[in-house]
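Asker:
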Amino acid sequence: MSSLSTFSRLTKIYRSCKEIPIDDSSKIVLISDCHRGDGSWVDNFTNNQNIYYAAIKYYYENGYTYIDLGDSDDLWKNKKFFDITNVYTDIFHLLHEFYQDGRYYLIYGNHDIEKRTPCFIQKNLQRYYDSHTERFEPLFDNIEVHEGLILKHQETQTTFFLVHGHQGDLISDIFWRVGRLLTRYVWRRLELFGHKDPTSAAKNYEKERKVERKIKDWVEANNQPVIAGHTHRPTCPQEDEPPYFNDGSCVHPNCITCIEIVHSEITLMKWDIKTREDRTFFVDREPIALPRKITQNMYRRRI
Ligand SMILES: [Mn+2]
Numbered sequence: 015m016s017s018l019s020t021f022s023r024l025t026k027i028y029r030s031c032k033e034i035p036i037d038d039s040s041k042i043v044l045i046s047d048c049h050r051g052d053g054s055w056v057d058n059f060t061n062n063q064n065i066y067y068a069a070i071k072y073y074y075e076n077g078y079t080y081i082d083l084g085d086s087d088d089l090w091k092n093k094k095f096f097d098i099t100n101v102y103t104d105i106f107h108l109l110h111e112f113y114q115d116g117r118y119y120l121i122y123g124n125h126d127i128e129k130r131t132p133c134f135i136q137k138n139l140q141r142y143y144d145s146h147t148e149r150f151e152p153l154f155d156n157i158e159v160h161e162g163l164i165l166k167h168q169e170t171q172t173t174f175f176l177v178h179g180h181q182g183d184l185i186s187d188i189f190w191r192v193g194r195l196l197t198r199y200v201w202r203r204l205e206l207f208g209h210k211d212p213t214s215a216a217k218n219y220e221k222e223r224k225v226e227r228k229i230k231d232w233v234e235a236n237n238q239p240v241i242a243g244h245t246h247r248p249t250c251p252q253e254d255e256p257p258y259f260n261d262g263s264c265v266h267p268n269c270i271t272c273i274e275i276v277h278s279e280i281t282l283m284k285w286d287i288k289t290r291e292d293r294t295f296f297v298d299r300e301p302i303a304l305p306r307k308i309t310q311n312m313y314r315r316r317i
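Residue 172 in my numbering sits at position 158 of the sequence shown, and the numbers go up by one each step.
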């Protein structure tokens, strides 16, 4: 029943979502699950904020288009979007630059599902409070917020369906209000004592696998490549596996992961902090899987 609903949910989004043409000259970066918070110690993003900033600055300077695959802000743990922008002003400033250049697309996840409502967009995404200038500055003026997007590769006509991936997850998708409530008032407090939030796909291995299984089944049944986030498990399938890619998250203990598409190749990337001989730190970017070339058929079933 629930897996049937995952199927129909994904199919419905796939059929109605917007298509973005890409080609051999396109540079795309897909990032999800930053779970930005208010900077307090339950904010999982604080640790990686400098790595993330260095990464998106690189992508901005090198002409990439940024596709946000959802859960970039944690609106389950934080009621007020203002509290988030106030802490991460530099980041929102850069995101605004991406948007202004026409190089930013936003897909919502379950932890920022409110972003789909016109009221939230109007109230929170038009402007942000810049703690440096102490003024409201433009953010994503008239932004279109998506549940899914399709990247269509012109040379091969291969398409990639982009979704956050909570559609395979009943609590997150249908009962998100209850999930949000539990996260905000119950699990958030228990987390202080080391309990795991069972509504979080990221912290629950068993659940993670189930959610992934459902999406992979859809990928296989439709022979349609998908790029998702949500489970925080970076994934780059081999040629003989269903083409389900996952960009991971920005809240791994010591690194962030993302997916780059450059010169018609898909690469899972990791950014972290390394030490040089002279004991200075630097932010390093390295692939964690072999790049996958975009071909007409991304999946060769083993016989
Ligand atoms: Mn999620």
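Where is the CB? At the ideal position from N, CA and C, for every residue including glycine. Since this is a predicted model, take the numbers as computed values, not measurements.
(1) Work out the CA separation of Arg299 and Asp87 for me, nearest whole Å.
(2) Check whether the Cβ of Asn100 sits closer than 8 Å to any heavy atom of ligand 1, and report yes or no.
(3) Taking the straight line between their C-alpha atoms, what separation do you get for Pro305 and Arg293?
(4) Just to confirm, does Asn260 get its C-beta within under 8 Å of one of the non-hydrogen atoms of ligand 1?
(5) Please name the residue, chosen from Phe154, Ser54 and Asn76, that lies closest to Asp82 on a Cα-to-Cα basis.
(6) How big is the Cα-Cα spacing for Pro212 and Glu33?
(7) For Pro152, which of helix, strand or coil comes out of DSSP?
(8) Kindly indicate which three-state DSSP category Phe259 falls into: helix, strand or coil?
(9) Is Phe95 closer than 9 Å to Leu89 when the C-beta atoms are compared?
(10) Which residues does DSSP list as the beta-bridge partners of Gly162?
(11) Around the Cβ of Gly51, are there at least 16 other Cβ atoms within 10 angstroms (buried) or fewer (exposed)?
(12) Which value, in whole angstroms, describes the spacing of the CA atoms of Phe59 and Thr245?
(13) Scan the region 54-98 and note each continuous beta strand (DSSP E) run of 3 residues or more that stays entirely inside, going in chain order.
(14) I believe Asp38 touches His277 by the beta-carbon criterion, under 8 Å. Please report the beta-carbon distance rounded to the nearest angstrom.
(15) Counting contacts by CB-CB distance shorter than 9 Å, is Arg227 in contact with chain C?
(16) From Tyr72 to His49, what does the alpha carbon distance come to, in whole angstroms?
(17) Enumerate in chain order the residues of its own chain whose CB-to-CB distance from Leu318 is below 8 Å, with the five nearest sequence positions on each side excluded.
(18) When the distance is taken between beta carbons, is Leu24 closer than 9 Å to Val177?
(19) List the residues that DSSP assigns as beta-bridge partners of Phe296.
(20) What does the alpha-carbon distance come out to for the pair Ser54 and Ile287?
Answerer: According to the structure shown:
(1) 23 Å
(2) no
(3) 31 Å
(4) no
(5) Phe154
(6) Unreliable placement is indicated for Pro212, whose pLDDT of 49 sits below 50; the coordinate value is still reported in the next sentence. So the alpha carbons of these two residues sit roughly 34 Å apart.
(7) strand
(8) strand
(9) yes
(10) Val177
(11) buried
(12) 16 Å
(13) 79-82
(14) 6 Å
(15) No chain C appears in the structure shown, which is made up of a single protein chain.
(16) 21 Å
(17) Within the shown structure, residues of the chain are numbered from 15 to 317, placing residue 318 beyond reach of any answer.
(18) yes
(19) Lys288
(20) 22 Å
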